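Contents: one structure, followed by commentary.
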Amino acid sequence: MTGWGARIVPLHEDITAGVAPLLWVLMGGVVVVLLIACANLANLLLARAVARRREMAVRGALGASRSRVLGQLLVESGLLAVLGGAGAVLVAPLLIRVLVSAAPPGTPLLDGVGMDLGMLAFAGGTALGCSLLFGLAPSVRLSRTSFQSALRTGRDASPGGHNRARNLLLVTQVGMTVLLLVGAGLFVRSFRALSTTDLGFDADNVVVMGVDLPFSRYPDTPSHSAFYSRLLESVNALPGVVGAAATSQAPGSLSNMTFSFAIDGRVANNPSGREDDEPLHAVAGDYFRVLGRRIVEGRAFEPSDRADAPPVVILNESLARKHWPEGGAIGQRIAFRVGETPWREIVGVVEDARLASPDVPAGPALYIPYEQKSWEWLAWSSIVARTTPGSDPGSTLTAMRETLLSLDGDLPPQSSGTVSEAFRRNTARRTFAMTLVGGFGALALALSVVGLYGLISYTVAQQRREIGVRIALGARSGTLVNRVLGRSLALTLAGAAAGVTAALVATRVLETLLFGVSPADPPTYVATVALIVGVALVTAWIPAHRAATTDPTTALRVD
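For my numbering, add 4 to where a residue sits in the sequence shown, where the first one is 1.
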């Protein structure tokens, strides 16, 4: 067969090609949330290190070696890892079940997802490693504290290096949170665009039942057409059915039957002399009316377009524009194989439709009457029926299956369902990605809120005496609150700037999962920054307001 080719791909790549982007999203979300949690842990340990400077100085003065102090601190960090890991092991099975149940249909190797010794070892090692790694720096710094200096310094003293480290960690947290929230926002806008996109037909209240006629009993086009004609007549008579038609490609099907064709009076640049392959649909019944598709030029198929009538064809707008950009497609003739199949007159142009999936653009397509098809092997068809609004699609499908069996008891129905269900399956990958990134974004936001609240609360607690003095000297509580909020705003904006920069680079890997929205979508970035700034200000206001309304005599008595 000249002109044919082959492409060889590894089996693993072929199996995972459809889910590889989801795996990268899942892995990326896990890593970012882990880093945010580690930043929270490091901030916590830094705060504890400052609070325990005097305690460690006393231990050193009583003879404890620096290595012993460091060992104690690392053991405490390891204990945090053990407790956190134990909690994760308890929660993980539930999260795995939720993840597996929410995964798109057809996701490979789901049966192998679960807890095992390898996963437990990896999770435990990660928890322990992160705790020791992020607890090492504050522990080493605390173990090197000058005992004499710490004993002479008040408890409120906080080394500038610690403050800078905590601020840097908070900025990092905010940046990574912005990264995840931008991703979540892009998916939300993508989902909204997907749900509101114009399909070119009315997909609501449409059910589909597949039928495949065996060649032994239905060997040619006349027998195919006769059977489908009887079946459509019976389905049209069912209660709740507004109209029924047949098509070689059901709405929601991702596979296409394509044919090349020649245009009368033209010679294509292809070696075959024919135009490029385009999807072809063989339809029966009032197909365009049943699906609610608009004929923009010419006419739809009519009952008179039978096997013995002049062959006709209808193009969609994309195909008509491709070959007749100035118009004038009506009346032109095409043939699939010149000399072997007849010339077909173009009698109509139909509006483009996204028949495969809402996220698959409507490309060029041709439509021919089922009775006029020239291929005996084309014996399958899908019966599409529009039902009355509010009717039960399950009952209609049951009645359609019973009708099919009443005409031929040895003919089992193929797959069946509603077009809406098929579209949900076809867009499940995008929906699942949105759920993943949205969940990670919410978790990251919660962790950042905890981190910001902890940092501001700790900073305010360290400055209680100073705040008490300011209040005693007549400072207004609003001024003190604004001072704290200003510092929080500066840290948040620094983190947001870093997060936006990272998101502009990182979200490009999500482009294949997005629909109708750019990875650099300005409204998403603006809304994300506004959200993180608003949450940060509210979070910082609580400890700031509490400190500003403290009785100065109480604050001045703090050691």
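Cβ coordinates follow ideal geometry from the N, Cα and C atoms, glycine included. Fair warning: this is a prediction, and the values are worked out from it, not measured in the lab.
- With a cutoff of 8 Å on beta-carbon distance, A207 and S419 are scored as not near each other.
- The continuous beta strand (DSSP E) containing W384 extends over residues 384 to 391.
- Below 8 Å, too few C-beta pairs join the region 229 to 244 and the region 256 to 265 to call them touching: fewer than three.
- Shown here, N209 sits in coil according to DSSP, grouped into three states, outside any helix or strand.
- A distance below 8 Å between beta-carbons, with the five flanking residues on each side excluded, links L235 to the following residues of its chain, in chain order: V215, A250, I387, T407, L408, L411.
- Here T130 carries a helix assignment [DSSP, helix/strand/coil].
- Runs of the alpha helix (DSSP H) lying entirely within the region 416 to 503, each at least 4 residues long, are 423 to 430, 432 to 466, 468 to 476 in chain order.
- Put simply, of A46, P307, L132, V454 the residue whose alpha carbon is nearest the alpha carbon of V86 is L132.
- For L459, same chain residues with a beta-carbon under 7 Å away, outside a window of 5 residues either side, are N47, R170, L174 in chain order.
- In this model, A502 and S81 are separated by some 29 Å (Cα to Cα).
- As computed with DSSP, N320 is found in a beta bridge with V354.
- Here V211 is not near P416, since their CB atoms are 8 Å or more apart.
- In the pairwise beta carbon analysis, the region 524 to 531 is classified as not touching the region 423 to 440: fewer than three pairs are separated by under 8 Å.
- It is roughly 14 Å from the alpha-carbon of D309 to the alpha-carbon of S378.
- Burial of M213 is indicated by the presence of at least 16 other C-beta atoms within 10 angstroms of its C-beta.
- Buried is the label assigned to A248, since at least 16 other Cβ atoms lie within 10 Å of its Cβ.
- Secondary structure at T345: strand, using DSSP grouped into helix, strand and coil.
- Annotated three-state conformation of P97 is helix, per DSSP.
- Pairing L484 with I546, the inter-Cα distance amounts to about 12 Å.
- The alpha-carbon separation between A551 and L136 amounts to approximately 34 Å.
- Collapsing the DSSP output to three states places Y222 in coil.
- In this structure the region 176 to 193 lies against the region 27 to 40, because at least three pairs of beta carbons, one per stretch, are closer than 8 Å.
- About 6 Å separates the CB atoms of V104 and V117; that is less than 8 Å, so the two are in contact.
- In the DSSP assignment, Y371 forms a beta bridge with H285, I318.
- For A507 and F519, the gap between their C-alpha atoms comes out near 17 Å.
- One Cα belongs to V35, the other to F444, and the distance between them is close to 10 Å.
- Your pair F427 and G289 does not check out as a contact, with CB atoms roughly 22 Å apart and the cut at 8 Å.
- Using a 10 angstroms sphere on the CB of T516, the tally of other CB atoms stays under 16, which defines it as exposed.
- With three or more CB-CB distances shorter than 8 Å, the region 319 to 333 counts as touching the region 364 to 376.
- Around E375, the same chain offers S229, R310, A311 as residues with beta carbons nearer than 6 Å, after the five sequence neighbours per side are excluded.
- Boundaries of the beta strand (DSSP E) around R337: 337 to 339.
- By the Cβ neighbour-count rule, T392 is exposed, with fewer than 16 other Cβ atoms within 10 Å of its own.
- When secondary structure is reduced to three states using DSSP, F263 falls in the strand class.
- By the C-beta density criterion, V542 is exposed, having fewer than 16 other C-beta atoms within 10 angstroms.
- Per DSSP, reduced to three states, the secondary structure at T251 is strand.
- The C-beta separation of A125 from A92 comes to about 13 Å, leaving the pair out of contact by the 8 Å criterion.
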